[in-house]
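Participant: Keeping their order, the protein sequence lines are chains A and B. Per this note's numbering, residue 1 is the first one in the first sequence, and the count goes up by one each step. Per this note's numbering, residue 1 is the first one in the second sequence, and the count goes up by one each step. Built from N, CA and C at the ideal position, the CB exists for glycine as well. Predicted model, so just to flag it, every value in this text is computed and none were measured. Shown below is the structure under consideration.
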Amino acid sequence: MAKTKIEYTVGRTGEMGMDARPAQGPIAPVELEEPAFDADSMLINVGPQHPATHGVLRLLLELDGETVTRCTPHIGYLHSSFEKLGEYRDWNQIVPLTDRMDYLAPLIYNCAYVMAVEKLGGIEVTERCKVVRVICMELDRIFGHLLWLGTWAIDVGAFTPFLYAFQQREKIYQLHESYTGARITTSATRVGGMLADLPEGWAEGVREFVNGLQKTLDEVDALLTTNGIHVGRTQNVGVIGAEDAINSGFTGPNLRASGVPYDVRKDNPYYDYETYDFEVPIGEYGDCYDRYLVRMEEMRQSSRILHQALDRLPGGPINVDDPRVILPSKTDCMNDMESMIHHFKLVMEGVKIPEGDCYFPVEGSKGELGMYIVSDGGSKPVRWRIRPPSFVNLSVISKLVEGGLLADVIMVNASLDIVLGEIDR
Amino acid sequence: MTDRADESFDAVERGPEGAVESSASGAARVPGADERHPSVDALRERFPGALLRSEVQAGDQHVVFIEPDRNVEVLKWLRDEPDHRYNLLVDVTAVDYGGSRPIQLVYQLWSIPNRMGLRLKCELPLSKLEIDSVVPLWDTANWLEREVYDLFGVQFRGHPDPRRILMPEFYAEGHPLRKDFPLRGRFSRAEQTRRALTQDPEDYYPPTDFGPGRSPQVAREQAGSLLEQRPDRELPTNEERTETAPEDERGGAEK
Chain A
1 MAKTKIEYTV
11 GRTGEMGMDA
21 RPAQGPIAPV
31 ELEEPAFDAD
41 SMLINVGPQH
51 PATHGVLRLL
61 LELDGETVTR
71 CTPHIGYLHS
81 SFEKLGEYRD
91 WNQIVPLTDR
101 MDYLAPLIYN
111 CAYVMAVEKL
121 GGIEVTERCK
131 VVRVICMELD
141 RIFGHLLWLG
151 TWAIDVGAFT
161 PFLYAFQQRE
171 KIYQLHESYT
181 GARITTSATR
191 VGGMLADLPE
201 GWAEGVREFV
211 NGLQKTLDEV
221 DALLTTNGIH
231 VGRTQNVGVI
241 GAEDAINSGF
251 TGPNLRASGV
261 PYDVRKDNPY
271 YDYETYDFEV
281 PIGEYGDCYD
291 RYLVRMEEMR
301 QSSRILHQAL
311 DRLPGGPINV
321 DDPRVILPSK
331 TDCMNDMESM
341 IHHFKLVMEG
351 VKIPEGDCYF
361 PVEGSKGELG
371 MYIVSDGGSK
381 PVRWRIRPPS
391 FVNLSVISKL
401 VEGGLLADVI
411 MVNASLDIVL
421 GEIDR
Chain B
1 MTDRADESFD
11 AVERGPEGAV
21 ESSASGAARV
31 PGADERHPSV
41 DALRERFPGA
51 LLRSEVQAGD
61 QHVVFIEPDR
71 NVEVLKWLRD
81 EPDHRYNLLV
91 DVTAVDYGGS
101 RPIQLVYQLW
111 SIPNRMGLRL
121 KCELPLSKLE
131 IDSVVPLWDT
141 ANWLEREVYD
151 LFGVQFRGHP
161 DPRRILMPEF
171 YAEGHPLRKD
181 FPLRGRFSRA
191 EQTRRALTQD
201 PEDYYPPTDF
211 GPGRSPQVAR
221 EQAGSLLEQR
231 PDRELPTNEE
241 RTETAPEDER
251 GGAEK
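So this is what it looks like as C-alpha cells:
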C-alpha cells in the first residue's frame, strides 16, 4: 500500500508570541498508509455531535453499500488535560477533577483516586470508611449501568426502558445530593476518609432504592431480553472472542461478555471484596447481546453487595485519626494550639505523600480503572495517570464494526459503554 | 511547647511514612516487599543483560527496569512463557520527572491466569526518545502508544498509525505532558487566540480522511469550490421534486 508523508512543523519562532520558548524541534514526519478507496465506496461522518455516539466521538466510516469497510475513530474533542492540571494541584485538590472524567459513575473515580494515594502513603482508612466506599462504588456501578441501559434501549429503538432507567437514576442523584451536596460532581472523598459522615437516614435511603430497583430491572428484562427486535439487532453483532478481547485490552463487562471471568474485585481484591458474597457473570459468545446480559446481571449482583455492605456498616469514625492527612475539627482548631498548627500546615501545604509510584486498579463500571500516581515526596504529584477503561475499550471499535452493517455500528458503540469525558480526559 | 508537640509537627511536616506491606488479601497472590516476585527472579535469570534493576514500590508493587532496546523481546517472553502468562497489557504510559532526567516509559502488566501484576519501566534519554512499538504483541498498545507519543513525544518504531490522538492533528505547541511544557501552553495567549480565530475547520480533517494522495489543502480547495457553487444553486421546490426525481427513477427501472 502506498505511503504518504506528512510533515509537521513545530516551533517556527516567527509565529510565536513574546513569552514562548521554542518547542522541542520538529516532530518527525510520519508516514501513513493511504486508505484504499475505490469508486464504489462512500465516506460518511458520524459525529462528533451525534446523539448515538454518546458524546463527542467522531467516527469516519467508509461504506460499501451498507457494509462498513473501514472505521476510523477520532477522539480528543473533550480533552481537558486533567493529568496536566493534576500536576499543579495538591493531593486533595485533584479529587474534583476525577469525577469530571466519568460523570456517569463519579463516586467510583473519587474513591479509586484516593485509594491509590492512600496506598502510596501507607494510610489505612477506618473500617466504616471502607464499607461506605464500597457502598458508594456499588451504588455508582448501578448508576453507570442504568445510564447505559437507558441509552442502549434508545439506540435499539425502545423508549420505555430509558424512562424506567432514568426514574431509578434520579433516586441515585438524590442520594448523591443528600450526601455530597452535588448530583453529578460529587467530590466525596478525601485522602484518609470522606468529606463527611453519612447523613441521617442515608443508608436506609440506599436500601429503599435497591429494593425498588429490582422491580425496574425485572420490567426492563421483560421488555428487552426476549424481545425479537432487540435480539435480532444485538445477537451475533460485534463479536469478539476471549483471546482477542484480552489482547485488545478489554476489561470489565465487555471482557466478561467474551467469557473471561476477570474482575478486579475478585482477582485483586481491595476493601474486603473477597468477604462479600457475589457472583461474576460471564457471557458465552462475546456479542452485543451478551454484553447486555452481563451488565443486567451485574446490577443485580451490585444490589446483593449493597445489601451486605449496609448490613455490616460499622460505627466509629469515618476519617483516620491522623493529623498528617485529615483536618482537625473546627472546635479543636479554635481551642487547641497544636490542632491549629496542624490545620494551618494542612491547609497551606497540603498532604505530603512519600516518594515512589503506585498503580491501584479498581473495578469501575466501564472496566478496570487504574490510578497510577508518582510522587517525589511533596504535596503535589509528579505524575497522575488514569488508566482509562473506556479509552482502551473504544480502541477496538474499528475491529468490531468493520465488515458489519452501518446500523450495527450504533449497537456496537452502545454496547461498549463509553464515556467521552474519560476517553479524552 | 513540649517535645511531644515538636515531634508531632515534624511528623506533619514529613507527611505519612509510606506504604507498608499490605495485609494478606484474598485470592490475589501479590508478593510482599520481602517476598520474592517469581517473574522478577525468572527475568533476572533469563535476561541478565536486559534487566537493569528492580525495586518494590508502595509496599508490594514490583517494578523492573529493562533495557529499552530489548523491550519487545522481554515483554513477548513474559506474555508467552507458560509460568508467567502476563496476557493483559493494562497500561502503557510515561513519566517525565523534569530537570532533563530521562523519561520513563511504564508498562503495567497483569496475568489473568496467575493473578499477578508486574510493572516494567524503560528509561529513555531526552536525546533519544525512541523505542520499539509493542503493537505486534498487544492491540491494546495501539492507542496507548499514540497517547504517549502525543503527550510526551516518544517515537514508537514500527507503530502502524503514529498520529496524535488527543491533541489536534496540527497542534504546533509540542507535547503537553512534558515538564518543560507550561500549563497554559507554549504560545502566548494572544497567539493562541489569533490561531483559534484564524483556524480553518478543515484542519481537523487529516489527509487520510480524504483519500489517497490528497493533502488537506487540495481537499480544502475542492471543498471550497463546492462551497462557492452552493449559493448559486436553488433548492428545488416541492413541485419540481415530484415532477423530476421520481420520473428519473421510474425511467431507470423500466430500462
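Give me whichever residues DSSP pairs with P361 (chain A) in a beta bridge.
Facilitator: A:G370
Participant: Going along chain B in order, which residues have a C-beta closer than 7 Å to the C-beta of E83 (chain A)?
Facilitator: L177
Participant: Count the other CB atoms, across all protein chains shown, that sit within 10 Å of the CB of N87 (chain B); report buried if there are 16 or more and exposed otherwise.
Facilitator: buried
Participant: Got a sec, what are the start and stop residues for the alpha helix (DSSP H) M101 (chain A) sits in?
Facilitator: Run containing M101 (chain A): none; DSSP gives neither H nor E here.
Participant: When we look at the beta-carbon of L52 (chain B) and count the other beta-carbons within 10 Å, is it buried (16 or more) or exposed?
Facilitator: exposed
Participant: Out of curiosity, what's the CA-to-CA distance linking G421 (chain A) and E45 (chain B)?
Facilitator: So the two alpha carbons sit approximately 44 Å from each other.
Participant: Anything in chain B within Cβ reach of N413 (chain A), meaning under 7 Å, just list it in chain order.
Facilitator: The premise fails here: N413 (chain A) is roughly 16 Å from chain B at the closest Cβ pair, so nothing lies under 7 Å.
Participant: With a cut-off of 7 Å, does the C-beta of V401 (chain A) fall near any C-beta of chain B?
Facilitator: no
Participant: Measure the C-alpha to C-alpha separation of Q93 (chain A) and D197 (chain A) and round it to an integer number of angstroms.
Facilitator: Inter-residue distance for Q93 (chain A) and D197 (chain A) is about 20 Å (C-alpha atoms, whole angstroms).
Participant: Who are the Cβ neighbours of G378 (chain A) in its own chain at under 7 Å, not counting the five residues just before and after it?
Facilitator: K352
Participant: Measure from the C-beta of L197 (chain B) to each C-beta in chain A and report whether the shortest distance is under 7 Å.
Facilitator: no
Participant: Do the CB positions of S302 (chain A) and I142 (chain A) come within less than 7 Å of each other?
Facilitator: yes
Participant: Can you have a look at M337 (chain A) and say buried or exposed, based on whether 16 or more other CB atoms are within 10 angstroms of its CB?
Facilitator: exposed
Participant: How far does the beta strand (DSSP E) with S111 (chain B) in it extend, from its first residue to its last?
Facilitator: I103 to S111
Participant: By the criterion of Cβ-Cβ separation under 8 Å, what are the contact partners of A42 (chain B) in chain A?
Facilitator: Result: empty, since nearest Cβ-Cβ is about 21 Å, beyond 8 Å.
Participant: Within 10 Å of its beta-carbon, does K215 (chain A) have 16 or more other beta-carbons around it, so buried, or fewer, so exposed?
Facilitator: So K215 (chain A) ends up on the exposed side.
Participant: Could you confirm whether any beta carbon from chain A is found closer than 7 Å to the beta carbon of L109 (chain B)?
Facilitator: no
Participant: Using DSSP bridges, identify the partner residues of C122 (chain B).
Facilitator: B:I66 and B:L105
Participant: Relative to the C-alpha of V156 (chain A), which candidate in A:D408, A:I418 and A:D417 has its C-alpha closest?
Facilitator: That would be A:D408, whose Cα lies nearest to the Cα of V156 (chain A).
Participant: Can you list, in chain order, the residues of its chain whose CB lies under 6 Å from that of H176 (chain A), leaving out five sequence neighbours each side?
Facilitator: R183 and T186
Participant: Which residues in chain B have a C-beta closer than 8 Å to the C-beta of H79 (chain A)? List them in chain order.
Facilitator: L166 and M167
Participant: For the beta strand (DSSP E) holding E55 (chain B), just list the boundary residues, first then last.
Facilitator: L51 to Q57
Participant: Counting only Cβ pairs nearer than 7 Å, list the residues of chain B close to S248 (chain A).
Facilitator: D139 and T140
Participant: Within 7 Å (strictly less), CB to CB, does R304 (chain A) reach chain B?
Facilitator: no
Participant: Could you give the first and the last residue of the continuous beta strand (DSSP E) run that contains T67 (chain A)?
Facilitator: T67 to H74
Participant: Check for me: the alpha helix (DSSP H) holding M299 (chain A) runs from which residue to which?
Facilitator: C288 to R312
Participant: With 8 Å as the C-beta to C-beta threshold (strictly closer), list the residues of the stretch 80–97 of chain B near chain A in chain order.
Facilitator: N87, L88, L89, V90, D91, T93, V95, D96 and Y97
Participant: Say whether chain A places a C-beta atom closer than 7 Å to the C-beta of R115 (chain B).
Facilitator: yes
Participant: If contacts are defined as beta-carbon pairs under 8 Å, then L369 (chain A) and R385 (chain A) qualify, I think. What distance do you get, rounded to the angstrom?
Facilitator: At roughly 12 Å, the Cβ-Cβ gap does not stay under 8 Å, so L369 (chain A) and R385 (chain A) are not in contact.
Participant: From what residue to what residue does the alpha helix (DSSP H) around W77 (chain B) run?
Facilitator: N71 to D80
Participant: Give the straight-line distance between the Cα atoms of N254 (chain A) and T198 (chain B), rounded to the nearest whole angstrom.
Facilitator: 42 Å
Participant: Using DSSP with H/G/I as helix, E/B as strand and the rest coil, what is Q217 (chain B)?
Facilitator: Summary for Q217 (chain B): the model assigns pLDDT 46, below 50, so the residue's position carries little reliability, and this model does not support an answer.
Participant: Over what stretch of residues does the beta strand (DSSP E) that includes N45 (chain A) continue unbroken?
Facilitator: M42 to V46
Participant: According to DSSP, is G121 (chain A) helix, strand or coil?
Facilitator: Under the three-state reduction of DSSP, G121 (chain A) is assigned to helix.
Participant: Tell me the residue span of the beta strand (DSSP E) that contains I386 (chain A).
Facilitator: From DSSP, the beta strand (DSSP E) with I386 (chain A) extends over P381 to R387.
Participant: Label G315 (chain A) either buried or exposed according to how many other C-beta atoms from any shown protein chain fall within 10 Å of its C-beta, with 16 as the threshold for buried.
Facilitator: exposed
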